[in-house]
Ligand SMILES: Cc1cc2nc3c(=O)[nH]c(=O)nc-3n(C[C@H](O)[C@H](O)[C@H](O)COP(=O)(O)OP(=O)(O)OC[C@H]3O[C@@H](n4cnc5c(N)ncnc54)[C@H](O)[C@@H]3O)c2cc1C
């Protein structure tokens, strides 16, 4: 199928993009890498009257750093993160996750911001950034940018807190210390496919980060605070013992097989983390 007719405008700045969105009465969409949007246009699942191309907008690929946080412009692609073109403040977690997204042609164009805005529950960045406690910075009409915690940014499948005329400008990722360990487990039928279940564990006692997460849940990713506390206090083996029970409690609407699949992903992540700590 072909898309329905639309007008295409190229925004020079993110501010200009938000103005164009605001003036379109809900009939506009931002175009970044196009890897999710273009198929949706062609299937006519999206029929915007206006597309606002932000790929070359100034402010879309800015990098900023201090000793606690590394801010990544939303326009950096999965491939650039995979290749280490920019610094990885997470001691390899971002690079490793980027490498597992789709295949190279998709990674060459798909952006971190586009993936977050699209909010496919099975996508990788939504879960990874929530597990890291990252912050999503969005530009709208107001002077001050809005800041959303990645863990609560996604409301459900393909739905986020982003306002109609807001554009994701950057993602602030906490720096992990040299003591940190992380593990990311994606269960999918073939390498590079969307996940059926994701388990993430990040432990950085020095930076005060202890987070365990079940992702690809069909809604928003689910943090597992009790499992994370047990991980920090008693280690991965003890955390494994309570993970499945907490998953059943925080994801009660999933059927028992799917809950178990998530438990497998989380236990694998914890086991991998255990291996890393032991080395
Ligand atoms: C075959 C295939 C396999 C894939 N496999 C995976 C996978 O395994 N894991 C995974 O995580 N992803 C996967 N993806 C999705 C891929 O990562 C996309 O790149 C990503 O979801 C969208 O990024 P994009 O930059 O292409 O956004 P686009 O397609 O340009 O936009 C997607 C949506 O986000 C909005 N948008 C884009 N950028 C912004 C912004 N800065 N601010 C506000 N709104 C914005 C658009 O308006 C649109 O609604 C796959 C895609 C394909 C085609």
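In the working numbering, the protein residues as written are 4 to 282.
Virtual Cβ for every residue (Gly too), placed ideally from N, Cα, C.
In the DSSP assignment, residue 202 falls within the beta strand (DSSP E) that extends over 200-207. Judged by beta-carbon spacing, residue 122 lies within the 8 Å limit of residue 162, meaning their Cβ atoms are closer than that value.
Contact between the stretch 16-23 and the stretch 156-172 is present, with at least three C-beta pairs closer than 8 Å. Note that the C-beta distance between residue 216 and residue 228 is not below 8 Å. By a beta-carbon distance limit of 8 Å, residue 98 contacts residue 87. Their separation comes to about 6 Å.
Excluding residues up to 5 positions away in sequence, 177, 178 lie with their Cβ nearer than 7 Å to the Cβ of residue 71 in the same chain.
DSSP lists 201 as the beta-bridge partner residues of residue 218. At least one heavy atom of ligand 1 is found less than 7 Å from the C-beta of residue 196. Our two residues, residue 165 and residue 104, have alpha carbons roughly 23 Å apart in a direct line.
Inter-residue distance for residue 180 and residue 204 is about 15 Å (C-alpha atoms, whole angstroms).
Residue 113 and residue 146 have their C-alpha atoms spaced approximately 28 Å apart. Three or more Cβ pairs closer than 8 Å define a contact, and the stretch 191-208 falls short of that threshold against the stretch 39-53.
Residue burial annotation: residue 237 is exposed, with fewer than 16 other C-beta atoms found within 10 angstroms of its C-beta.
The beta carbon of residue 31 sits closer than 8 Å to those of 23, 24, 51, 52, 53, 54, 55, all from its chain and outside the five residues before and after it, given in chain order. The beta carbon of residue 250 is closer than 8 Å to those of 217, 225, 227, 262, 265, 266, 269 in its chain, skipping five residues each way along the sequence. Cβ contact annotation for residue 91 (same chain, cutoff 6 Å, sequence separation greater than five): 97, 98, in chain order. Beyond the five residues adjoining it in sequence on each side, residue 61 comes within less than 7 Å, by CB distance, of 15, 16 in the same chain, given in chain order. At the C-beta level, residue 40 and residue 57 stay beyond 8 Å of one another.
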